[in-house]
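Residue numbers (full-length UniProt numbering): 1 to 346.
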C-alpha cells in the first residue's frame, strides 16, 4: 500500500477515535465511529485477496448496522427525554438498543460471528488494530452510559461471551481465529463488571490491549499464521518464542503475570456485589481459554514438528527483536507487583 495512503488511513483512525472518546453529543460520537469504520476498510482489504475483500465486506455490513442502531437508540432517547447528551441516556428501550449496538461493534455474543472471520481475512497488524484500537470507542461509550445499562442483560452477554469465546477457540488451528476467540472471551470479563465498576473494566481493557499487542507483534515478527508453522519457529528466535509463551500465559490470567491482576480484581468486585455465583461461573469458563492458550504456548516452545518430511528449518535469524515487543512483553508480564498502586488509582 502507498505510504501516503496508509498515513491518511491511520490519521483518520486516530481522528475518529479521538472524536468519539471526547464527545458529549451522540451525533459526534456516531461521526467518530463512522470515520473509524471507513478508515479501517482499506487496511483490511489491502491484500486484494478474495478472503480479505470478504472480510472487509462483512466488517462494513456489521458496523453499518451497529452504527444505525446507535443512532436509532440516541434518537429514541432524545424523542422521549429531549436530551442528546451521552451521559443522559435514561429511556429503557434506548438503553437496550444501545447495549445491542455496542455488543455488535465489540463482537460480544450473540453478535460475535463476524469477528473471527474478519480477523482471519485481515493482515496480522490490521488484526491487532481491530482487536485493540477499534474497540476503544465502543468501550468508551459503554463506560459513559454504564450507569444506565441493564446489569442482568450485560451479565448474560458476558457469561455467554466467556463461554462461547472459550468454546470456539478449542478446535481452531488458525492463530488469528484463536486470538479472535480470546478477544471475545476477554470482552465477557469487561462486560460483566462495567456496570459495577467502570474504571475496573477500562483497566482490564488497557491490560488486555498490552498483552494482545505483545502476542500479535511477536506473531508478526516470526511470520506465523497457523499452528503448524508455529511449531517450527523455535529455530528462528528462541528468545521470542519464550516471550510468546509468557505473553500467552499472561493472557490466560495465570499468576504471577500481569493478566492475573484484572481477573483477580473483577472476581473480588463481583463478590462484593453479591454475585459470587457469576464470579464462579466466569472463572470456570476462563479455563476453556486457558486450554487454547496452553495449546498455542505448547506449539510455540515445547514441541518439535510432528512430521518427518524433509524441509529446511530456518536457523537463528540475525534480525534484532523490535524494541516495542520488548517493552510490551515486559509490561505484559511484570505489572502484578505494582497492583497496590493500580488499585489506589481505580
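Heads up, the beta-carbon is just placed ideally off N, CA and C, and yes, glycines get one too.
Give me the Cβ distance between residue 131 and residue 47, rounded to the nearest whole Å; I'm assuming they're in contact under 8 Å. Numbered from its first residue, the chain shown carries residue 131 at position 131. Numbered from its first residue, the chain shown carries residue 47 at position 47. No, residue 131 and residue 47 are not in contact; Cβ-Cβ is about 18 Å, not under 8 Å.
Bridge partners - residue 120, DSSP secondary structure assignment: Taking the chain shown and counting its residues from 1, the one referred to as residue 120 is at position 120. None, per the DSSP bridge assignment.
What do you reckon, are the CB atoms on residue 145 and residue 86 nearer than 8 Å? By 1-based counting over the chain shown, the position of residue 145 is 145. By 1-based counting over the chain shown, the position of residue 86 is 86. A contact, by the Cβ cut-off of 8 Å.
How is residue 147 classed by DSSP in three states: helix, strand or coil? Sequence index remark: in the chain shown, residue 147 carries index 147 (1-based). Looking at residue 147 - three-state DSSP - the assignment turns out to be helix.
Could you check how far apart the C-beta atoms of residue 7 and residue 40 are, in whole angstroms? I think they sit under 8 Å. As a position in the chain shown, residue 7 is number 7, starting the count at 1. As a position in the chain shown, residue 40 is number 40, starting the count at 1. With 8 Å as the limit, residue 7 and residue 40 do not qualify as a contact, their Cβ atoms being about 14 Å apart.
In terms of DSSP beta bridges, what is residue 174 paired with? Indexing the chain shown from 1 puts residue 174 at position 174. Residue pairing by DSSP places residue 174 opposite 226 in a beta bridge.
Evaluate residue 4 with the Cβ neighbour count: other Cβ atoms within 10 Å of its Cβ, from every protein chain shown; 16 or more gives buried, anything less gives exposed. Residue 4 sits at position 4 when you count from the first residue of the chain shown. With fewer than 16 Cβ atoms within 10 Å of its Cβ, residue 4 is classed as exposed.
Is it true that the CB of residue 195 sits closer than 8 Å to the CB of residue 154? Position 154 of the chain shown, counted from the start, is the residue given in the question as residue 154. Position 195 of the chain shown, counted from the start, is the residue given in the question as residue 195. Taking C-beta atoms as the reference points, residue 154 and residue 195 count as a pair closer than 8 Å.
Where residue 112 falls: helix, strand or coil (DSSP): The residue labelled residue 112 in the question sits at position 112 within the chain shown. Three-state result, residue 112: coil.
Could you tell me which residues DSSP puts in a beta bridge with residue 85? Reading the chain shown from its first residue, position 85 is the one you call residue 85. Residue 85 pairs with 25.
Host alpha helix (DSSP H) of residue 45 (start-end): Indexing the chain shown from 1 puts residue 45 at position 45. That residue, residue 45, is in no alpha helix (DSSP H); it is neither H nor E in DSSP.
Do residue 200 and residue 333 have their CB atoms nearer than 8 Å? Locating residue 200 in the chain shown gives position 200, where the first residue counts as 1. Locating residue 333 in the chain shown gives position 333, where the first residue counts as 1. Result no, Cβ atoms of residue 200 and residue 333 do not sit closer than 8 Å.
If I follow the unbroken alpha helix (DSSP H) through residue 238, where does it start and stop? On the chain shown, position 238 is the one that residue 238 refers to. For residue 238, the enclosing alpha helix (DSSP H) begins and ends at 238 to 252.
Inspect the beta-carbon positions of residue 173 and residue 236 and report whether they are closer than 8 Å. Reading the chain shown from its first residue, position 173 is the one you call residue 173. Reading the chain shown from its first residue, position 236 is the one you call residue 236. No; because the gap between Cβ atoms is not below 8 Å, this pair is not in contact.
Report all residues from its chain with a CB closer than 7 Å to the CB of residue 197; omit the five preceding and five following residues, and keep chain order. Taking the first residue of the chain shown as 1, we reach residue 197 at position 197. If we look at residue 197 and ignore the five residues flanking it on each side, its Cβ neighbours are 269.
Helix, strand or coil for residue 184? Go by DSSP, reduced to three states. Residue 184 sits at position 184 when you count from the first residue of the chain shown. Residue 184: helix per DSSP, three-state reduction.
Where does residue 327 land, buried or exposed, given buried means 16+ other C-beta within 10 angstroms? Walking along the chain shown from the start, residue 327 turns up at place 327. Burial call: exposed.
Closest by CA to residue 62, which one among 149, 34, 73? Translated into positions along the chain shown, residue 62 becomes position 62. The closest CA to that of residue 62, considering only 149, 34, 73, is found on 34.
Residue from 37, 82, 118 with nearest C-alpha to residue 66: To locate residue 66, count along the chain shown from 1; it is residue 66. Selected option, being the one with the closest Cα: 37.
Is there contact between the stretch 67 to 78 and the stretch 119 to 136, where contact requires at least three CB pairs shorter than 8 Å? no
Count the CB pairs spanning the stretch 48 to 62 and the stretch 76 to 93 that are closer than 8 Å, and state whether there are at least three. Contact between the stretch 48 to 62 and the stretch 76 to 93 is absent: fewer than three C-beta pairs spanning the two stretches fall below 8 Å.
Excluding the five sequence neighbours on either side, which residues of its own chain have a C-beta within less than 7 Å of the C-beta of residue 293, listed in chain order? Within the chain shown, the letter at position 293 stands for residue 293. The beta carbon of residue 293 sits closer than 7 Å to the beta carbons of 248, 249, 251, 252 from its chain, once the five residues preceding and following it are set aside; these are given in chain order.
Using only alpha-carbon positions, find the residue among 117, 342, 229 that is nearest to residue 181. Numbered from 1 along the chain shown, position 181 holds the residue referred to as residue 181. When each option's Cα is compared against that of residue 181, the closest is 117.
When 111, 127, 344, 96 are compared against residue 56, the one with the closest alpha-carbon: Residue 56 sits at position 56 when you count from the first residue of the chain shown. The candidate whose alpha carbon is nearest that of residue 56 is 127.
When the Cα atoms are used, what is the spatial distance from residue 228 to residue 122? As a first step, residue 228 must be located in the chain shown, where it is residue number 228. As a first step, residue 122 must be located in the chain shown, where it is residue number 122. Rounded to the nearest angstrom, the two C-alpha atoms are 19 Å apart.
Excluding the five sequence neighbours on either side, which residues of its own chain have a C-beta within less than 6 Å of the C-beta of residue 163, listed in chain order? Translated into the one-based positions of the chain shown, residue 163 becomes position 163. 285.
Quick one: using the 10 Å Cβ neighbour count with 16 as the cut-off for buried, is residue 206 buried or exposed? Residue 206 sits at position 206 when you count from the first residue of the chain shown. Classification of residue 206: exposed, given that the 10 Å Cβ count is below 16.
Cβ-based neighbour list, residue 31, same chain, cut-off 7 Å, excluding 5 preceding and 5 following: Here residue 31 refers to the residue found at position 31 of the chain shown. For residue 31, where only same-chain residues beyond five positions count, the Cβ hits under 7 Å are 19.
Once DSSP output is grouped into helix, strand and coil, what is the label at residue 322? By one-based count along the chain shown, residue 322 stands at place 322. Coil, per DSSP.
Expected contact under 8 Å - CB spacing of residue 157 and residue 101 to nearest Å: Here the question's residue 157 lines up with position 157 in the chain shown. Here the question's residue 101 lines up with position 101 in the chain shown. No, residue 157 and residue 101 are not in contact; Cβ-Cβ is about 13 Å, not under 8 Å.
For a quick check, are the C-beta atoms of residue 258 and residue 335 less than 8 Å apart? For the purposes of this step, residue 258 is identified with residue 258 of the chain shown, where counting begins at 1. For the purposes of this step, residue 335 is identified with residue 335 of the chain shown, where counting begins at 1. Yes, Cβ-Cβ distance for residue 258 and residue 335 is below 8 Å.
Whole angstroms is fine: what's the gap from residue 281's alpha carbon to residue 325's? Here residue 281 is taken as the residue at index 281 of the chain shown, counted from 1. Here residue 325 is taken as the residue at index 325 of the chain shown, counted from 1. Residue 281 and residue 325: Cα-Cα distance of roughly 34 Å.
Which one of 103, 80, 106 has the shortest CA to CA distance from residue 94? Within the chain shown, residue 94 is the residue found at index 94, counting from 1. The candidate whose alpha carbon is nearest that of residue 94 is 80.
Within 10 angstroms of the Cβ of residue 129, are there 16 or more other Cβ atoms? Answer buried if so, exposed if not. In the chain shown, the residue the question calls residue 129 occupies position 129. Looking at its Cβ environment, which holds 16 or more other Cβ atoms inside 10 Å, residue 129 is buried.
For residue 29, does the count of other Cβ atoms within 10 angstroms reach 16, so buried, or fall short, so exposed? The count along the chain shown starts at 1 and reaches residue 29 at position 29. Buried, since its Cβ has 16 or more Cβ neighbours within 10 Å.
Which value, in whole angstroms, describes the spacing of the CA atoms of residue 233 and residue 296? Indexing the chain shown from 1 puts residue 233 at position 233. Indexing the chain shown from 1 puts residue 296 at position 296. Approximately 12 Å between the Cα atoms of the pair.
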